[in-house]
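Residue numbers (the numbering used here): 205 to 522. Note that CB positions come from ideal geometry on N, CA and C, so glycine has one too. Keep in mind that this is a model prediction, so the values were computed, not measured. This report refers to the structure that appears directly beneath it.
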C-alpha cells in the first residue's frame, strides 16, 4: 500500500537509541529507505522485519562535524533528529549534543533541500532556567527553527517503554534495594496541631508517554511544517504511583523513602564522581517542574485516540 513515506529516503540521527529503535521498527512497515546515524561506536543494527534486506542501514560517527552530517543527509527526503543525553560525560556535553548537533543537522537539511525535518526536544525546556539539560535543549530548538523555519519540533514528556531509562531503572533498583526514593520538597503540615507531620514529598507529577504512541505521532505528523507539539500520556502520576505500577507487576513491596531535594542533590554530587551516574544534580533541578501538559494530551489524541497507559504496557517488557 502506498503511503506518504513510500519511496522516501529517511535519515534518523539517534536511530539506534531508545526512541529511535522504536521509530525504525514502525518505519520498516513503510516502503522507504532508512539510514540510521549513531554516535555510539558500539551500536549494532537491530533485527527488524524490513521489506527488504537493505532497507535499513547503520552508520556510526564518533566526532560529529558538518562534513560528516552533510554526507549522511545528502539526497534524503526526511530527517529525524532524536540525539540526546541525560547526563554529561567527558566526551559528551549538553551544549554540543543538544545545541550544536541540531544546528549542524538543520544547516545540512537546508543546504540539501530536505523536504521535512523533525526535531525531538523535551517538555518544558523553554521554562526551566536552572537546568543545563533544558537550556541546551531549548537553544537547540531555537537554532533549528531559525535555520530551518519549516521544521517540526516535538516536545515529549517522560517517555516509557521497552529499553527506556525510566521504568527500567526503577524496576532494576527495586530488585536490589528494599527502599525506593520519593524525591521532592519538604513541607510542614499543621492540620492537626503544631508540627504534626513532616511531609517531604512535593509529589512531583509526570504524564508518562508510551514510546509506541510517540513514534506513531512522529510518523503521522512528519510532513507538517513550522509546528511545535507538546506530547504527554493520558494519566498524571507521582513517583509513588509510578512505583506502585512497577511493583504490582513484579509482585513486590518496597518502602518508599521521602527524599527532599537538598538531600537528593548531596547524593547526586557523590554519584557524579563516578562514570555514568545514576542521578545528577541537573536532573534534580528538572524535577522542580511537573512534567504535565493538558495541551500535550490533546495533541496526542489528534493521532492516538486511545493512548496507552503504564498499567497496560509495563507488563510487556519489565
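Counted within 10 angstroms of its Cβ, other Cβ atoms place residue i as buried (16 or more) or exposed
i           : result
residue 417 : buried
residue 364 : buried
residue 243 : buried
residue 427 : exposed
residue 307 : buried
residue 468 : buried
residue 430 : exposed
residue 378 : buried
residue 499 : exposed
residue 380 : exposed
residue 347 : buried
residue 474 : exposed
residue 466 : exposed
residue 205 : The predicted model places residue 205 with a pLDDT of 47, which falls under 50 and marks its position as unreliable; any figure quoted below should be read in that light. When all chains shown are included, residue 205 counts as exposed.
residue 211 : exposed
Residue range of the alpha helix (DSSP H) that includes residue i
i           : result
residue 357 : Looking at the DSSP string, residue 357 is not in any alpha helix (DSSP H); the run it does join, the beta strand (DSSP E), is 356-360.
residue 518 : Counting along the chain, residue 518 falls outside any alpha helix (DSSP H), and DSSP gives it neither H nor E.
residue 282 : Not the alpha helix (DSSP H): residue 282 falls in the beta strand (DSSP E), residues 282-285.
residue 208 : Careful: residue 208 lies outside any alpha helix (DSSP H) and carries neither H nor E.
residue 217 : Note, residue 217: premise wrong, no alpha helix (DSSP H); beta strand (DSSP E) at 213-217.
residue 339 : 336-351
residue 453 : 443-454
residue 309 : 305-315
residue 426 : Looking at the DSSP string, residue 426 is not in any alpha helix (DSSP H), and its letter there is neither H nor E.
residue 378 : 371-380
residue 273 : 270-277
Contacting residues, own chain, Cβ-Cβ under 7 Å from residue i (five flanking each side not counted)
i           : result
residue 257 : none
residue 386 : 405, 443, 444, 460, 461, 462, 463
residue 421 : 435, 504, 507, 508
residue 352 : 310, 313, 314, 321
residue 486 : 335, 336, 337
residue 438 : 501, 511, 513
residue 325 : 341, 344, 345, 357, 358, 359
residue 456 : 378
residue 301 : 287, 288, 289
N-terminal and C-terminal residue of the beta strand (DSSP E) that residue i is part of
i           : result
residue 431 : 431-435
residue 384 : 383-388
residue 264 : 260-264
residue 460 : 459-464
residue 148 : With the chain covering only 205 through 522, there is no way to say anything about residue 148.
residue 496 : No beta strand (DSSP E) contains residue 496, which DSSP labels as neither H nor E.
residue 321 : 320-324
Residue i versus the options, residue with shortest Cα-Cα distance
i           : options            : result
residue 441 : 435, 449, 284      : 449
residue 215 : 284, 453, 272, 208 : 284
residue 280 : 314, 356, 328      : 314
residue 350 : 470, 303, 223, 381 : 303
residue 478 : 293, 335, 408, 209 : 293
residue 408 : 336, 489, 273      : 489
residue 272 : 433, 305, 476      : 305
residue 359 : 260, 495, 377      : 495
residue 295 : 267, 316, 318      : 267
residue 265 : 278, 240, 475, 470 : 240
residue 512 : 246, 412, 329, 277 : 412
residue 484 : 492, 493, 471      : 471
residue 516 : 299, 414, 274      : 414
residue 362 : 263, 491, 229      : 491
residue 373 : 232, 278, 211, 481 : 481
residue 522 : 433, 375, 476      : 375
residue 179 : 274, 230, 425, 221 : The question about residue 179 has no answer, for the chain in this structure spans 205 to 522.
residue 476 : 260, 261, 323, 291 : 291
residue 497 : 453, 425, 518, 410 : 410
Interface flag, residue i vs chain B, CB-CB below 9 Å
i           : result
residue 338 : Note that chain B does not occur in the displayed structure, where there is just one protein chain.
8 Å CB neighbourhood of residue i in its chain, flanking five on each side removed
i           : result
residue 227 : 216, 219, 284, 286, 419, 422, 423
residue 458 : 378, 381, 382, 383, 384, 447, 451
residue 213 : 236, 237, 239, 279, 280, 281, 282
residue 263 : 239, 240, 241, 242, 276
residue 269 : 308
Cβ shell of residue i (< 6 Å), same chain only, five flanking positions each side left out
i           : result
residue 331 : none
residue 209 : 234, 236
residue 520 : none
residue 328 : 493
residue 398 : In this predicted model, residue 398 has a pLDDT of only 49, less than 50, meaning its place in the structure is not dependable; the value taken from the coordinates is given anyway. So the list is empty, once near-sequence residues are dropped.
Inset, instruction - Decide if the segment 366-376 is in contact with the segment 329-348; the criterion is three or more beta carbon pairs, one per stretch, under 8 Å apart. - result: no
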